[in-house]
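Protein chains in written order, with our numbering: chain A, 22 to 361; chain B, 22 to 361.
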DNA sequence: CTCACAACTGCAAGCGCTTCCACACACTAC
DNA sequence: GTAGTGTGTGGAAGCGCTTGCAGTTGTGAG
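Here you go:
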């Protein structure tokens with residue numbers, strides 16, 4: 022393999038100068054810089070990643086920890102982060118925790134701590150303060166997306182406000198019999214999202230003087246499949262059907278739409294459905310939703326981290342609220358006369 | 022930071038012995054091994070990734086290149102590969118090429134070649150022979166999934182045979198008026214999949230003596246959205262409607278189902294639909310499909326690569342055919358009397 | 001009892017870069 | 001003139017490990 026030494030030789034410069042020329046740091050005369058570049062290009066030389074990481078302590082690599090790669094939100098965050106990192110010349114090391122708790126443990130202790138990454142993005146992942154402490158101890162900035170991360174910076178949306186806004190959209194159309202599909206409690210422990218959205222829903226209902234009917238609040242696991250099952254139950258068992266469903270995620274809204282189809286319910290005539298996310302399928306299904314720009318959140322996380330790395334400053338724990346946008350499509354409408 | 026030196030000191034051993042004890046390579050007495058382990062544990066010591074990579078030339082890191090993270094097949098491959106790698110103590114560096122051709126270029130030249138990875142998995146990605154040559158030159162085994170990769174090992178399914186099988190399922194039910202949703206030609210250049218599946222479809226039709234009607238072959242981009250649009254066109258414009266649709270992927274089959282809904286067509290009564298993949302949503306939608314176990318393909322790629330790395334042997338270019346399975350659900354049925 | 005050989009251990013030489021430091025040189029300022 | 005500043009350069013010391021080599025000890029065979 023050609024090393025920086027070969028380049029130096031060919032360019033008639035010292036290794037030190039070539040290193041500076043190629044990295045852009047330090048003072049190098051334009052002539053030398055050009056010569057170094059030319060020599061490197063001619064030899065097809067590429068810096069050894071590990072050698073420069075070892076010497077400089079910078080890895081040019083960001084770790085992204087996600088609970089799953091299948092759910093839309095996570096894919097979108099990955100996509101946004103990936104593009105931003107590629108642009109900046111950074112690698113993205115993906116840690117897909119999955120269901121296996123042992124994986125979570127090993128990701129943390131064996132991987133993140135091995136100085137492999139300059140920074141960590143944790144998506145909907147609860148790290149203990151202890152773990153964050155450890156990460157801080159090795160000077161690795163962290164940002165969390167989609168959930169509180171004690172002691173770390175986070176990017177999040179106003180979950181409660183968003184749910185309020187969504188519910189108000191339904192109420193504004195004239196619905197009063199509104200059901201809510203929330204996340205399982207288990208998820209709540211980790212990132213509190215279901216509870217927060219649910220409370221926004223309840224607040225809107227209360228403010229409007231509409232009763233919140235416990236049998237119309239069902240929970241699922243945030244997947245289409247899970248919500249499909251939950252919605253079937255909701256639509257089948259209720260003595261009286263709601264005229265609208267507000268799902269805590271687009272995937273769960275989609276599951277609801279599919280379930281409604283099984284009951285011969287037309288959307289929005291018989292049932293209005295809305296979600297939260299901005300899922301790609303929303304367009305096809307005409308899903309009314311609140312777009313939370315997950316891709317943008319991923320990109321923002323990267324920018325935040327890169328900024329911190331480059332300025333060498335410790336990332337102050339800060340909460341950045343990402344903007345959201347109500348997108349009205351055809352899955353919500355005024356309830357049929359006589360049903361509300 | 023605590024280094025291996027600290028561990029050695031604490032354990033009363035030399036750095037060399039600790040290194041051997043921790044890595045499991047070379048001969049170390051059980052006593053020393055235990056002492057090294059204990060000292061490492063007490064100090065919370067973790068090997069520096071870059072230092073050991075630099076010294077050993079092994080990165081314990083595999084690069085996975087995908088065209089997108091949103092499409093089901095790619096997510097599934099990522100999931101399978103990720104779990105297998107985590108299990109083996111390897112990192113996964115994800116390169117999401119996306120639409121941007123510049124990204125593709127930089128991923129290849131700047132990233133893959135920087136000795137960051139021990140091996141490369143390329144999913145549905147066409148590398149030129151030249152590029153593969155370069156990768157081989159740095160002794161990086163490659164395996165391709167879902168498309169031919171000249172000079173590299175590949176894992177693939179029998180695309181033509183699978184399409185034949187799928188079409189025969191439809192024919193066996195009594196359908197003769199069968200449409201096909203294929204991939205765009207542009208995809209064909211890269212990994213030939215649409216063309217191969219299409220030819221399997223045509224062969225089955227010809228063998229059965231059924232005419233292949235050009236207006237019943239439409240193409241889309243493998244996404245739900247894309248196929249939705251294509252299927253709408255198919256179902257709207259044809260002077261006569263097909264009784265069954267065979268889509269080249271589950272996502273396109275799902276798009277078709279959604280489109281059919283818009284026309285008031287019931288499935289499978291008015292229209293049978295089947296796909297290829299084994300998409301998670303298949304269950305909910307009752308989609309008949311041919312399961313190609315994408316997760317398994319990802320895991321297999323990892324096992325193949327790890328085997329090659331550990332045995333130090335060059336990976337012989339070989340074509341592994343992954344098994345597939347017809348899964349009959351409720352989206353396909355005997356055509357309505359009088360329609361076939 | 002000697003020798004061959006295996007098992008174990010430590011020394012030290014790298015792995016391929018980055019960066020501190022010293023030095024040379026060209027300026028401007030007094 | 002000297003001192004002070006800034007720029008450009010190379011030497012060389014690491015970064016924190018792995019591993020070849022050589023040395024020590026223990027074992028069974030001859």
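Virtual Cβ for every residue (Gly too), placed ideally from N, Cα, C.
These numbers come from a predicted model, not from an experiment.
Checklist entry - Does residue 112(B) have its Cβ less than 8 Å from a Cβ in chain A? => result Numbered from 1 along the second chain, position 91 holds the residue referred to as residue 112(B). At a cut-off of 8 Å between beta carbons, residue 112(B) contacts chain A.
Kindly provide the ranges of any alpha helix (DSSP H) runs that are 4 or more residues long and lie completely inside the stretch 219-292 of chain B, ordered along the chain. The qualifying runs are 245-258 and 271-283.
Inset, instruction - Going by CA-CA distance only, name the one from 314(B), 222(B), 283(B) and 27(B) that's closest to residue 269(B). - result: Position 248 of the second chain, counting from 1, holds the residue named residue 269(B). Comparing Cα positions, the closest option is 222(B).
- request: Measure the Cβ-Cβ separation of residue 345(B) and residue 318(B) and say whether it is below 8 Å.
  value: Position 324 of the second chain, counted from the first residue, corresponds to residue 345(B). Position 297 of the second chain, counted from the first residue, corresponds to residue 318(B). Residue 345(B) is not a Cβ neighbour of residue 318(B), given a cutoff of 8 Å.
Name, please, each residue of chain B whose Cβ falls closer than 7 Å to the Cβ of residue 119(A).
Position 98 of the first chain, counted from the start, is the residue given in the question as residue 119(A). 104, listed in chain order.
* For the alpha helix (DSSP H) holding residue 305(A), just list the boundary residues, first then last. => In the first chain, the residue the question calls residue 305(A) occupies position 284. Counting along the chain, the unbroken alpha helix (DSSP H) around residue 305(A) starts and ends at 303-306.
**Report entry** Own chain partners of residue 284(A) with C-beta closer than 6 Å, once the 5 adjacent residues on each side are dropped
**Finding:** Indexing the first chain from 1 puts residue 284(A) at position 263. Excluding residues within five positions, the ones whose Cβ falls inside 6 Å are 256.
For residue 396(B), list the residues DSSP reports as bridge partners. Only positions 22 to 361 of chain B appear in the structure, and residue 396(B) is not among them; the question remains open.
- Go ahead and pull the three-state DSSP assignment for residue 347(B). To locate residue 347(B), count along the second chain from 1; it is residue 326. Of the three classes helix, strand and coil, the one that applies to residue 347(B) here is strand, per DSSP.
Checklist line | Straight-line Cα distance separating residue 161(B) from residue 351(A) | finding: Walking along the first chain from the start, residue 351(A) turns up at place 330. Walking along the second chain from the start, residue 161(B) turns up at place 140. Spanning the alpha carbons of residue 351(A) and residue 161(B) requires a straight line of approximately 51 Å.
**Asked** Can you tell me whether DSSP reads residue 311(B) as helix, strand or coil?
**Response** On the second chain, residue 311(B) is found 290 positions in, with the first residue counted as 1. Strand.
Q. At which residues does the beta strand (DSSP E) containing residue 70(B) begin and terminate?
A. The residue labelled residue 70(B) in the question sits at position 49 within the second chain. Per DSSP, residue 70(B) is not a residue of any beta strand (DSSP E); the alpha helix (DSSP H) it occupies stretches across 70-77.
Worksheet item: First and last residue of the alpha helix (DSSP H) that includes residue 83(A)?
Response: Working through the first chain from its first residue, we reach residue 83(A) at position 62. Per DSSP, residue 83(A) belongs to no alpha helix (DSSP H); it is in the beta strand (DSSP E), 82-87.
Within the stretch 176-204 of chain A, ranges of the beta strand (DSSP E) (whole runs, at least 3 residues) | Under the rule that a run must span 3 or more residues, the beta strand (DSSP E) segments found entirely inside the stretch 176-204 of chain A read 199-204.
- [ ] State yes or no: is the C-beta of residue 80(B) within less than 8 Å of the C-beta of residue 114(A)?
- [x] As a working mapping, residue 80(B) is identified with position 59 in the second chain. As a working mapping, residue 114(A) is identified with position 93 in the first chain. At least 8 Å separates the beta-carbon of residue 80(B) from that of residue 114(A).
Point to revise | Cβ neighbour criterion (16 or more within 10 Å) applied to residue 54(A) | key: Taking the first chain and counting its residues from 1, one reaches residue 54(A) at position 33. Buried: at least 16 other Cβ atoms inside 10 Å.
Spatial distance of residue 101(B) from residue 172(A) (CA atoms):
Here residue 101(B) corresponds to residue number 80 of the second chain, with the count starting at 1. Here residue 172(A) corresponds to residue number 151 of the first chain, with the count starting at 1. Rounded to whole angstroms, residue 101(B) to residue 172(A) spans 33 Å at the Cα level.
message = Once the 5 residues before and after residue 76(A) are set aside, which same chain residues still bring their CB inside 6 Å of it?
response = Residue numbering aside, residue 76(A) sits at position 55 when the first chain is read from its first letter. Excluding sequence neighbours, residue 76(A) sits near nothing in its chain.
Do you know how far the Cα of residue 144(A) is from the Cα of residue 338(A)? Here residue 338(A) refers to the residue found at position 317 when the first chain is read from its first residue. Here residue 144(A) refers to the residue found at position 123 when the first chain is read from its first residue. Distance between the alpha carbons of residue 338(A) and residue 144(A): 16 Å.
What do you reckon, is the C-beta of residue 279(A) under 7 Å from a heavy atom of the ligand ZN? Only the bare structure without any ligand can be found here, which leaves the ligand ZN out of the picture.
Can you tell me whether residue 159(A) is buried or exposed, with buried defined as 16 or more other CB within 10 angstroms of its CB?
Residue numbering aside, residue 159(A) sits at position 138 when the first chain is read from its first letter. Under this definition residue 159(A) is an exposed residue.
- residue 92(B) versus residue 242(B) - alpha carbon distance: By one-based count along the second chain, residue 92(B) stands at place 71. By one-based count along the second chain, residue 242(B) stands at place 221. Going from the Cα of residue 92(B) to the Cα of residue 242(B) covers about 11 Å.
Contact belief for residue 70(A) with residue 135(B) at Cβ below 8 Å, rounded distance in angstroms:
For this step, residue 70(A) is matched to residue 49 along the first chain. For this step, residue 135(B) is matched to residue 114 along the second chain. The pair is a contact, with the Cβ atoms about 4 Å apart (cut-off 8 Å).
Quiz prompt | Distance, residue 274(B) Cα to residue 299(A) Cα | solution = Within the first chain, residue 299(A) is the residue found at index 278, counting from 1. Within the second chain, residue 274(B) is the residue found at index 253, counting from 1. Computed Cα separation, rounded: 22 Å.
Q) chain B partners of residue 246(A), CB-CB under 8 Å? A) Along the first chain, one-based indexing puts residue 246(A) at 225. Chain B residues near residue 246(A): 301, 302, 304 and 305.
Against chain A: residues of the stretch 128-150 of chain B by CB proximity under 8 Å
Answer in chain order: 128, 130, 131, 132, 134, 135, 136 and 137.
Inset, instruction - Assign residue 63(A) to one of two classes, buried (16 or more other C-beta atoms within 10 Å of its C-beta) or exposed (fewer than that). - result: Your numbering for residue 63(A) matches position 42 in the first chain. Burial call: exposed.
| Going straight from the alpha carbon of residue 310(B) to that of residue 280(A), what length do you get? | Residue mapping note: residue 310(B) aligns to position 289 of the second chain, counting from 1. Residue mapping note: residue 280(A) aligns to position 259 of the first chain, counting from 1. Here the C-alpha atom of residue 310(B) lies approximately 21 Å from the C-alpha atom of residue 280(A).
Anything in chain A within Cβ reach of residue 72(B), meaning under 7 Å, just list it in chain order.
Numbered from 1 along the second chain, position 51 holds the residue referred to as residue 72(B). Close partners of residue 72(B) in chain A (Cβ separation under 7 Å): 75.
- Task: Using a Cβ cut-off of 7 Å, pull out every chain B residue sitting near residue 124(A), in sequence order please.
- Result: Here the question's residue 124(A) lines up with position 103 in the first chain. Against chain B, the beta carbon of residue 124(A) has neighbours under 7 Å at 107, listed in chain order.
State the CB to CB distance for the pair residue 330(A) and residue 140(A), rounded to an integer number of angstroms; the pair is presumed to be in contact (CB under 8 Å). The sequence position of residue 330(A) within the first chain is 309, counting from 1. The sequence position of residue 140(A) within the first chain is 119, counting from 1. Rounded to the nearest angstrom, the Cβ distance from residue 330(A) to residue 140(A) is 6 Å, consistent with a contact under 8 Å.
* Would you report the Cα separation of residue 94(B) and residue 271(B), rounded to the nearest angstrom? -> The residue labelled residue 94(B) in the question sits at position 73 within the second chain. The residue labelled residue 271(B) in the question sits at position 250 within the second chain. Rounded to the nearest whole angstrom, the CA to CA distance from residue 94(B) to residue 271(B) is 10 Å.
#### Entry: Assumed close pair residue 218(B), residue 184(B) - CB separation to whole angstroms, cut-off 8 Å
The residue labelled residue 218(B) in the question sits at position 197 within the second chain. The residue labelled residue 184(B) in the question sits at position 163 within the second chain. Confirmed, Cβ separation roughly 4 Å.
Practice prompt. Consult DSSP for residue 33(B) and reduce its assignment to one of helix, strand or coil.
Written response: For the purposes of this step, residue 33(B) is identified with residue 12 of the second chain, where counting begins at 1. Residue 33(B) falls in the coil class under three-state DSSP.
Subject >> Selected residue, minimal CA-CA separation from residue 190(A), among 203(A), 167(A) and 266(A) >> reply: Locating residue 190(A) in the first chain gives position 169, counting from the first residue. The shortest C-alpha separation from residue 190(A) is found at 266(A).
Item checked: Boundaries of the alpha helix (DSSP H) in which residue 101(B) is found, first to last residue -> Reading the second chain from its first residue, position 80 is the one you call residue 101(B). Its alpha helix (DSSP H) spans residues 93-108.
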